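K.L.:
Quick note on numbering: the sequence shown equals residues 38 to 790 in the numbering used here.
Even glycine gets a Cβ: it sits at the ideal position worked out from N, Cα and C.
Values in this document were obtained by computation on a predicted structure and should not be read as measured data.
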Amino acid sequence: MEATTQLNEKQRVAMTYQWLIVGLGSILFLSEIPRLPIERIDLRFLLIAALTLIVSARVAVKIPRFNVSVTISDTFIFLAILLYGGQAAVLLAAADGLITGARAGKKVRTILFSSAVMACSTSISVQALSLIAGPPMQLIRQPFSVLAAGICAMALAQYLTNTGMVALGMSFKHDQPFWQIWTRNCIWASVTYFAGAILAGFIATRIETSGLYVVLVALPMVLILYFTYQKYLEDIRKTAAQAELAERERAEAERARADAETQRAEQAERHVEELNHYISELERTSRALQESKEHFRHAAFHDSLTDLPNRSLFSDYLKLAIERSKRQPDYLFAVLFLDLDRFKYINDSLGHSFGDQLIVELARRLQSSLRQVDTVSRFGGDEFAILLDGISDPSDAIRVAEKIQQELLRPFELGGHEAFTSASIGIALSTGGYDQPDYILRDADTAMYRAKDAGKACYELFDLEMHSRAVIRMRLENDLRRALERDEFCLYYQPIMSVETSRLSGFEALVRWQHPERGLVAPSEFIPVAEETGLIVPLGSWILENACRQMKEWHTQHPANRSLTMNVNLSSKQLIQSGLVQEVKSILAKTELPARSLKLEITESVVMENAELATTMLKQLSDLNVHLCIDDFGTGYSSLSYLHRFPVDTLKIDRSFVNRIEEKDENVEIVRTIATLARNLGMEVVAEGVESEDQLACLKALKCEYAQGYLFSRPLNSEAASAFIDADHDRRHEEENAQSENHAEVARLEMVA
Ligand code: C2E
Ligand code: MG
Ligand code: MG
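(1) Please classify Phe351: is it buried, with 16 or more other beta-carbons within 10 angstroms of its beta-carbon, or exposed?
(2) Within 10 Å of its beta-carbon, does Met720 have 16 or more other beta-carbons around it, so buried, or fewer, so exposed?
(3) On the criterion of 16 or more Cβ atoms from any shown chain inside 10 Å, does Phe683 qualify as buried, or is it exposed?
(4) Measuring from the CB of Asp475, is there a heavy atom of ligand 1 at a distance below 7 angstroms?
(5) Output yes if chain C places a C-beta closer than 8 angstroms to the C-beta of Ala186; else output no.
(6) Return the chain-ordered ranges of every beta strand (DSSP E) run that is complete within the segment 419-473 and spans a minimum of 3 residues.
(7) Does Phe113 come out as helix, strand or coil in the three-state DSSP assignment?
(8) Should Leu517 go down as buried or exposed, given a rule of 16 or more other Cβ atoms within 10 Å for buried?
(9) Could you name the residues of the same chain whose beta carbon sits closer than 6 angstroms to that of Arg361, not counting the 5 residues immediately before and after it, in chain order?
(10) Have a look at Arg243 and Leu80 and give me their C-alpha separation to the nearest angstrom.
(11) Does the distance between the C-beta of Asn606 and the nearest non-hydrogen atom of ligand 2 fall short of 7 angstroms?
(12) Which same chain residues end up closer than 7 angstroms to Tyr747 when comparing Cβ atoms and leaving out the 5 residues on each side of it in sequence?
(13) List the endpoints of the continuous alpha helix (DSSP H) containing Gly577.
(14) If we call anything under 8 angstroms between Cβ atoms a contact, is Pro74 one with Gly122?
(15) Sort out for me which residues DSSP pairs His552 with in a bridge.
(16) Using the beta-carbon count (16 or more within 10 Å), is Pro173 buried or exposed?
(17) Tell me Cys527's beta-bridge partners as DSSP assigns them.
(18) According to DSSP, simplified to helix, strand and coil, what is Met674?
(19) Would you say the beta carbon of Asp668 is closer than 7 angstroms to some non-hydrogen atom of ligand 3?
(20) Go through its chain and collect everything with a Cβ distance to Gly638's Cβ below 6 angstroms, but skip five positions before and after it.
(21) With burial defined as no fewer than 16 other Cβ atoms inside 10 Å of the residue's Cβ, what is the status of Ile711: buried or exposed?
(22) For the beta strand (DSSP E) holding Leu607, just list the boundary residues, first then last.
(23) For Ile58, which beta-bridge partners are listed by DSSP?
(24) May I ask you to report which of helix, strand or coil DSSP gives Lys47?
(25) Any chance the segment 135-146 sits against the segment 195-203, with 3 or more Cβ pairs inside 8 angstroms?
(26) Which residue comes first and which comes last in the alpha helix (DSSP H) that contains Tyr382?
(27) Just verifying my parser: in three-state terms, what is the DSSP assignment at Ile698?
(28) Going along the chain, which residues of its own chain have a beta-carbon closer than 8 angstroms to the beta-carbon of Pro431, five neighbours each way excluded?
(29) Select from Ile85, Leu205, Asp212, Thr246 the residue whose C-alpha is nearest the C-alpha of Glu46.
(30) Between Gly392 and Glu444, what straight-line distance do the alpha-carbon atoms span, to the nearest angstrom?
(31) What's the C-alpha gap between Ser406 and Val437?
(32) Specify, as a first and last residue, the run of the alpha helix (DSSP H) that Ile169 falls within.
(33) With a threshold of 6 angstroms on Cβ separation, who are the neighbours of Pro474 within its own chain once the five nearest residues in sequence on each side are excluded?
(34) With DSSP collapsed to three states, give me the class of Arg415.
(35) By the 10 Å Cβ neighbour count, where 16 or more other Cβ atoms means buried, how is Ala734 classified, buried or exposed?
(36) Tell me the DSSP secondary structure of Met720 in three-state form.
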């Protein structure tokens, strides 16, 4: 709104200015008409006037960027001034202005303004000329200096007035400083004015002598001058246009570059933002990753229940200790291997969560018993290992073991329950010259087992003998696993004799291992290993089946000895095996041995340790009509109340009492008591390990029914046992014959008498 008001105001000023000039021009024009020297108007003047109007109508030089043209008609107007005086020239100039104005625009105001400007400027030129050089029409007759000064004054006045008025009009119209417009657009025009004035002066002086033809001759020159000049202007315009275009393109390119730059900057800013975001994300993720890595690393090397180092980490510590002991001969360390003695019992009776509590508390007590430099590790379950680092003497390790056992004497508080436990500890010292953690751990473990064997709740120091025993034991275990497949087992049979009659009553099957390198291996060496490894179960089945088959064979071979029985030993593992009864039944069926011919021996300790289970099992076996014997009786701690509840048929008195029966009266009394007890309970008695006639006599006196021992026979292989049966049969036959002969002799003597 404000801008529009300003525009209107500018136009109003420009218009006022133009009308003012028009008014001024009109006054001049009107005042000059009466003074026009009509008498001087001739054909030449008409020719000049015609040329002026035609040329100015056709040939105009447009001022670049402005709606104003300058014509070369000024030359003719100057000529008119010099030849016909100011009045004629003003009228001609006004006419010329009308035509030039009409060419430039159609507005009346513009046309009149153009005419008025020409009239005014011509009038002022005339005034200037008159002032400097006297009457215009006298100028061509003046000396050259006056002529030149007059022409210059005329040209200058025309130039200044003409361009000044036009520039002032443009200044009002475009609201630009007058001086700026004038210098930029009008300076060049001075050339036309001065050239035109000089040319006019030249023509005027020549016209006096050569007539009108000079004008005609000068016209082509004027035109050539004009067109050259116009070409020059055209070139300038083109150059200016090109420069303008180049400038526009440069500005355009500059703007595009600036835009691109801004875009790039914005994009870069966005990227930086994204990058910052990404970096912070990355930092967060990597932080969470290092943390979780730390967590996993910790979990990988620690026990989850106690947070103690696990076996893997402990082995690393051990490796360092071993390396150090190699470098420093006086550096000593020890490994303690600890295993709780009745942990399974606590777990089974109180539950696993209390078991866990006990382990945690144990870990705490172990740590409190050690120095900062020592390491406790949980290997799993109730197994712990301890590294005593840099001890000064082997006795330090023993002192620590004793301190730990002292610590374990205090009861453990488990959710209101008081639990007691003890530990077996094995100790291995670095003096053993170990170069791998596994070896020292293995030896500490071996020593720990030795402590268990020695009655638990104690410690053992590893020695070399233990090591070689462990190696032998390991080899035995490996060989034993293959022995059954390779058919390396065989059965020996030891006769069981009637004490009264000294006749064969049956055999006890005793297993032997025919080792390919070691020869015959005694059962006391491999049966415990077979029991620990579980191999006793398939081995036991093999023994039972072969013993039954053998006895059946003997029954068939010696029909008179069908009362012979076969004793087969059962291990504790077999007894707790749920399929035992079914297995016995199927073996009897398979070998067709009558159940009454089979006697199963179970050692006293096995029966008593599993009293409840044994009662049920023995009952089921007894229901099969199989006889049951308690072996090695007297070595375990039999509860008499249990004994009476077991469906047992025979007690086998352990060899340790029978062997030394003559040595002490006590032994006699023990055997007597067992024999009496058995009789009272309706059981038979077998004395094991009878080696001498005295022992046999003693047993006879004690009314022991059966006996077995080296006195009668060592365990025999099947052929020898078969021969033993034959010999017994023959002996019995001879005895019967002798007896019947005796009877006949007695009868004959009685008849004689
Ligand atoms: P056991 O069942 O008490 O077997 C008797 C052991 O005493 C046998 O030893 C036998 O050779 C030995 N013996 C017999 N009479 C005498 C004697 O007058 N003096 C001496 N010093 N020893 C005598 P063996 O064969 O070495 O068996 C040892 C133990 O191994 C057996 O004791 C038994 O507990 C176990 N055993 C043997 N064979 C088997 C088997 O087939 N299965 C099971 N589970 N255990 C078996
Ligand atoms: Mg036996
Ligand atoms: Mg025995």
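P.N.:
A quick look at the data gives this:
(1) Phe351 should be labelled buried.
(2) Flag for Met720 reads buried.
(3) Counting the other Cβ atoms within 10 Å of the Cβ of Phe683 gives 16 or more, which makes it buried.
(4) No, since every heavy atom of ligand 1 falls outside the 7 angstroms radius drawn around the Cβ of Asp475.
(5) Looking for chain C here will not work: only one protein chain is present.
(6) Taken in chain order, the unbroken stretches of beta strand (DSSP E) that lie wholly in the segment 419-473 and span 3 residues or more are 420-428, 449-451, 454-456, 460-466.
(7) Residue state, collapsed to three classes: helix.
(8) It is buried - the Cβ of Leu517 has at least 16 other Cβ atoms within 10 Å.
(9) For Arg361, where only same-chain residues beyond five positions count, the Cβ hits under 6 angstroms are Tyr368.
(10) Whole-angstrom Cα-Cα distance: 17 angstroms.
(11) Result yes, Cβ under 7 angstroms from ligand 2.
(12) For Tyr747, where only same-chain residues beyond five positions count, the Cβ hits under 7 angstroms are Glu728.
(13) For Gly577, the enclosing alpha helix (DSSP H) has its first and last residue at 573-594.
(14) With contacts defined as CB atoms closer than 8 angstroms, Pro74 and Gly122 qualify as a contacting pair.
(15) DSSP, once it has assigned bridges, lists Gly556 as partnering His552.
(16) Burial call: buried.
(17) Answer is Arg549.
(18) The sequence given here places Tyr at residue 674; Met does not occur at that position. Coil, per DSSP.
(19) Result yes, Cβ under 7 angstroms from ligand 3.
(20) The question names Gly, yet the displayed sequence has Glu at residue 638. So the qualifying residues of the chain are Asn604, Asn606, Cys666, Asp668.
(21) Within a 10 Å sphere around the beta-carbon of Ile711 sit 16 or more other beta-carbons, which makes this residue buried.
(22) Where Leu607 is concerned, the enclosing beta strand (DSSP E) starts and stops at 602-607.
(23) According to DSSP, Ile58 bridges with nothing at all.
(24) Note: Lys47 maps to helix in three-state DSSP.
(25) No, the segment 135-146 does not touch the segment 195-203.
(26) Run containing Tyr382: 380-387, per the alpha helix (DSSP H) assignment.
(27) In the structure shown, Ile698 sits in coil (DSSP, three-state: anything other than H, G, I, E or B).
(28) Non-local C-beta neighbours of Pro431 in its own chain, meaning closer than 8 angstroms and more than five positions away in sequence, comprise Leu369, Ala371, Leu466, Thr468, Leu498, ordered along the chain.
(29) When only C-alpha atoms are compared, the closest one is Asp212.
(30) Gly392 and Glu444 have their C-alpha atoms roughly 18 angstroms apart.
(31) Cα to Cα, the separation comes out at about 7 angstroms.
(32) Element bounds for Ile169: 145-170.
(33) Taking C-beta separations shorter than 6 angstroms and ignoring five residues to either side along the sequence, the partners of Pro474 in its chain run Ser352, Leu355, Lys356, following chain order.
(34) Three-state DSSP puts Arg415 in a strand.
(35) Per the 10 Å Cβ criterion, exposed.
(36) Note: Met720 maps to coil in three-state DSSP.
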